[in-house]
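Asker: Residue numbers (the numbering used here): 4 to 342. Can you read through this structure? Questions will come right after.
As structure tokens, then:
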């Protein structure tokens with residue numbers, strides 16, 4: 004990296020936590036993982052925030068980006084965006100890449116409860132739940148925290164954003180909240196602006212038609228969806244046309260959507276898909292524990308030994324090429340009308 008490129012980044016000191024609300028820094032250790040106490044106490048999010056999960060999020064980003072042909076923005080933008088909002092920024096990879104692609108754009112990335120991210124105003128805004136230590140971020144990125152279940156129109160400017168992305172936030176949004184969430188994001192868009200949404204449907208499938216209730220992956224998915232519903236989450240929001248229907252009801256149009264089959268394992272004859280599938284094993288290996296541990300133990304009453312046994316069986320199945328596994332995912336985007 005050149006000296007000029009280095010100047011494009013703001014460096015945050017690791018020990019600079021003076022602007023943090025202490026309640027967002029408190030953690031609890033349970034089931035061998037680290038969780039944010041505020042997220043658990045407020046019943047917002049039940050996924051760990053430890054280094055293992057941070058590593059998984061990075062792998063997941065690579066898998067999804069490669070699967071989507073290395074495209075970050077799927078909406079047919081006709082001009083360079085000047086203001087972007089990223090809801091659920093994970094490790095910030097998408098936001099950082101977009102900020103570098105559009106250096107004059109103001110990008111805000113928002114964490115559900117990442118109070119650590121509220122620093123000086125920058126330009127690409129992102130929202131997510133997990134307080135991150137992003138030591139280097141592009142100069143035009145602003146990290147913020149907000150519970151996406153709250154009214155976003157009371158926090159962010161109306162008719163302001165050229166593009167809003169919402170990605171993999173189903174674990175942090177209440178079931179009944181989804182229609183108003185999409186509607187509020189629509190209100191934040193400029194006329195002619197775009198809303199882009201991506202969600203997984205955690206229901207493993209087999210191109211060979213071989214997955215059945217006797218398989219651990221089938222059992223894991225069934226249990227996860229059941230526990231998610233008991234936690235007032237919508238585990239099916241990434242399936243079929245659910246996102247498309249919500250975008251259309253919010254007044255966006257035309258709405259495009261793509262039901263994706265993200266490969267799991269190296270079974271594909273296509274070299275590109277095989278590489279994606281093999282990398283996705285690394286993601287799913289970790290995902291089974293990260294997403295399932297709290298719901299299975301605290302909601303379904305499973306013992307940790309039972310969860311580990313189920314996960315181990317499922318991990319073996321991930322490597323069974325005869326199953327030809329994939330995980331459903333929906334990409335959907337729509338435009339706010341100019342009139």
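Built from N, CA and C at the ideal position, the CB exists for glycine as well.
Who are the Cβ neighbours of residue 268 in its own chain at under 8 Å, not counting the five residues just before and after it?
Answerer: 280, 281, 283, 284, 321, 322, 323, 324, 326, 327 and 328
Asker: Can you tell which of 227, 254, 311 and 260 has its C-alpha closest to the C-alpha of residue 243?
Answerer: 260
Asker: Do residue 65 and residue 102 have their C-beta atoms within less than 8 Å of each other?
Answerer: Against a cut-off of 8 Å, the Cβ pair of residue 102 and residue 65 comes out as no contact.
Asker: What residue range does the alpha helix (DSSP H) around residue 287 cover?
Answerer: 274-297
Asker: Distance, Cα to Cα, residue 122 vs residue 109?
Answerer: Below a pLDDT of 50, predicted positions are generally treated as unreliable, and residue 122, at 34, falls in that range; the measurement from the model is reported next regardless. About 15 Å.
Asker: For the 8 Å Cβ check, are there 3 or more pairs between the region 159-169 and the region 294-307?
Answerer: no
Asker: Residue 290 and residue 59 - do their beta-carbons sit closer together than 8 Å?
Answerer: yes
Asker: Along the chain, where does the alpha helix (DSSP H) that runs through residue 184 open and close?
Answerer: 181-191
Asker: Taking the alpha helix (DSSP H) that residue 66 belongs to, which residues open and close that run?
Answerer: Taken as a continuous stretch (DSSP letters only), the alpha helix (DSSP H) holding residue 66 covers 54-70.
Asker: Considering only residues of the region 197-273, which uninterrupted alpha helix (DSSP H) runs meet the minimum length of 4 residues and lie entirely inside it, listed in chain order?
Answerer: 219-233 and 245-252
Asker: Specify the secondary structure class of residue 173 as computed by DSSP and reduced to three states.
Answerer: helix
Asker: I'd like the list of long-range same chain contacts for residue 51, defined as Cβ closer than 7 Å, with 5 residues on each side in sequence excluded.
Answerer: These residues qualify, in order along the chain: 36, 37, 38 and 293.
Asker: Around the Cβ of residue 189, are there at least 16 other Cβ atoms within 10 angstroms (buried) or fewer (exposed)?
Answerer: Residue environment for residue 189: buried (at least 16 other C-beta atoms within 10 angstroms of its C-beta).
Asker: For residue 313, which residues of its own chain have a beta-carbon under 7 Å away from its beta-carbon, when the five flanking residues on both sides are left out?
Answerer: 219, 222 and 223
Asker: Give the DSSP-derived three-state secondary structure of residue 145 in the structure shown.
Answerer: strand
Asker: Under 8 Å, do residue 91 and residue 169 count as touching if we go by C-beta distance?
Answerer: yes
Asker: From residue 107 to residue 85, what distance separates their C-alpha atoms?
Answerer: 7 Å
Asker: Taking all protein chains shown into account, decide if residue 217 is buried (16 or more other Cβ within 10 angstroms of its Cβ) or exposed.
Answerer: exposed
Asker: What did DSSP end up calling residue 36 once you bin it into helix, strand or coil?
Answerer: strand
Asker: Taking residue 338 as part of the beta strand (DSSP E), name the residues at either end of that continuous run.
Answerer: 328-338
Asker: Output the boundary residues of the alpha helix (DSSP H) element that contains residue 310.
Answerer: Start and end: 307-321.
Asker: For residue 308, which of 25, 28, 34 and 27 has the nearest alpha-carbon?
Answerer: 34
Asker: If you compare alpha carbons, which of 236, 245, 254 and 209 is closest to residue 194?
Answerer: 254
Asker: Please check the pair residue 208 and residue 166, which I expect to be a contact at CB under 8 Å, by giving their CB distance rounded to whole angstroms.
Answerer: No, residue 208 and residue 166 are not in contact; Cβ-Cβ is about 31 Å, not under 8 Å.
Asker: Report the rounded CA-to-CA distance for residue 27 versus residue 258, giving the unit in angstroms.
Answerer: 37 Å
Asker: For residue 235, does the count of other Cβ atoms within 10 angstroms reach 16, so buried, or fall short, so exposed?
Answerer: exposed
Asker: Please report the distance separating the alpha-carbon of residue 215 from that of residue 263.
Answerer: So the two alpha carbons sit approximately 21 Å from each other.
Asker: Between the alpha carbons of residue 140 and residue 238, how many angstroms are there, rounded?
Answerer: 32 Å
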